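So the structure is just underneath, and the comments pick up after that.
In the UniProt record's numbering, the protein residues as written are 1 to 364.
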């Protein structure tokens, strides 16, 4: 029986009809995988890598910054220099505490008259409170519009062809991390060339009542419904961070390997900037590494990492890679750890070796 306290996305009944296994996630009842011949984490994962998969990510939070100081507010809150973003462009960034620990990782969209910050579902209330607390002296209106949007992610090499059947938007000319406002199958949509899978694809911000008919049309056109299970294995192969695993209040963006999204030289001071500047000068307390398990077993979240029997870190994410056919993982370890170490699986040290990230990179 469903938990009555859990929220449901506008696509809930589409998931039920498709035989989805629904689980609690970030306060929502979400599909972890689907039934039928095309269902299951491995099949859904392969559909995204080879053709196109369709995800419901309507649980994500959309927070809008409006007013004369909107840009100053966002600049103060995020690690990226958003003054460099053009209208129609998005940027990946972290939000930090004063000590450099991570509040969240976000996408920032520059609109003609405001900014949209897309936050992780589990952090939505915490983030909005943090945003308001840190910008109380500025002339900015911070509005949580999460309930006004549904979000569909169409990902995979066939995504552009499938979406192209339903929109006049210039998809071929739309660069990665850019967006256009238009219509998809007659429905108003923000079409963003972004994703969390390591594949080409689009995220479609639509009104809640448009979500179900649009979902059905995209599935009829060849997109395979894909759940949270495949979303996790795909992002892990792509070496992408997940908040609560690789990122948390005890881990800085520099330690988690997303220093590319930290602009210490930007004009506006941001929360956590001094702590991150010191860490860059002095060196991090830990580092994120990708690894492959060389013995038997699959590394999982929180498994210890050891060298010579001494614990030197922990696994943040691990899985059996459907694409590579190998056990892979991410771990936060001491800075001095070399390329070989053990992952402790069921109290047994299993050899592993560090490898460059990402594990998987698509052919352009």
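C-beta atoms are modelled at their ideal positions from N, C-alpha and C, and glycine is treated no differently.
Keep in mind the model is a prediction, meaning the values are calculated, not measured.
(1) Tell me where the beta strand (DSSP E) around residue 17 begins and ends.
(2) Would you check if the distance between the CB atom of residue 5 and the CB atom of residue 58 is smaller than 8 angstroms?
(3) With a Cβ-Cβ cutoff of 8 angstroms, do residue 189 and residue 206 count as a contact?
(4) Figure out for me which residue from 18, 13, 64, 176 has the closest Cα to the Cα of residue 92.
(5) Can you tell me the Cα-Cα spacing of residue 204 and residue 311, whole angstroms?
(6) Would you be able to state if there are at least three C-beta pairs under 8 angstroms between the segment 282-293 and the segment 244-258?
(7) Just grab the DSSP bridge partners of residue 204 for me.
(8) By the three-class DSSP mapping on this structure, what secondary structure does residue 42 have?
(9) Report yes or no: do three or more beta-carbon pairs, one from the segment 300-310 and one from the segment 121-129, lie closer than 8 angstroms?
(10) What is the DSSP secondary structure of residue 335, reduced to helix, strand or coil?
(11) Would you kindly work out how many angstroms separate the C-alpha atoms of residue 1 and residue 23, rounded to a whole number?
(12) Name the two residues that bound the continuous alpha helix (DSSP H) containing residue 236.
(13) Can you tell me whether DSSP reads residue 294 as helix, strand or coil?
(14) For the beta strand (DSSP E) containing residue 116, name the first residue and the last one.
Put simply:
(1) Careful: residue 17 lies outside any beta strand (DSSP E), inside the alpha helix (DSSP H) at 12-17.
(2) no
(3) yes
(4) 176
(5) 43 angstroms
(6) The segment 244-258 makes contact with the segment 282-293: 3 or more CB pairs, one atom from each, lie closer than 8 angstroms.
(7) 152, 191
(8) In the structure shown, residue 42 falls within a helical segment according to DSSP collapsed to helix, strand and coil.
(9) no
(10) coil
(11) Note that residue 1 scores a pLDDT of 41, beneath 50, so its modelled location is shaky; the value from the coordinates is reported in the next line. The straight-line gap from Cα to Cα measures roughly 11 angstroms.
(12) 228-237
(13) coil
(14) 115-119
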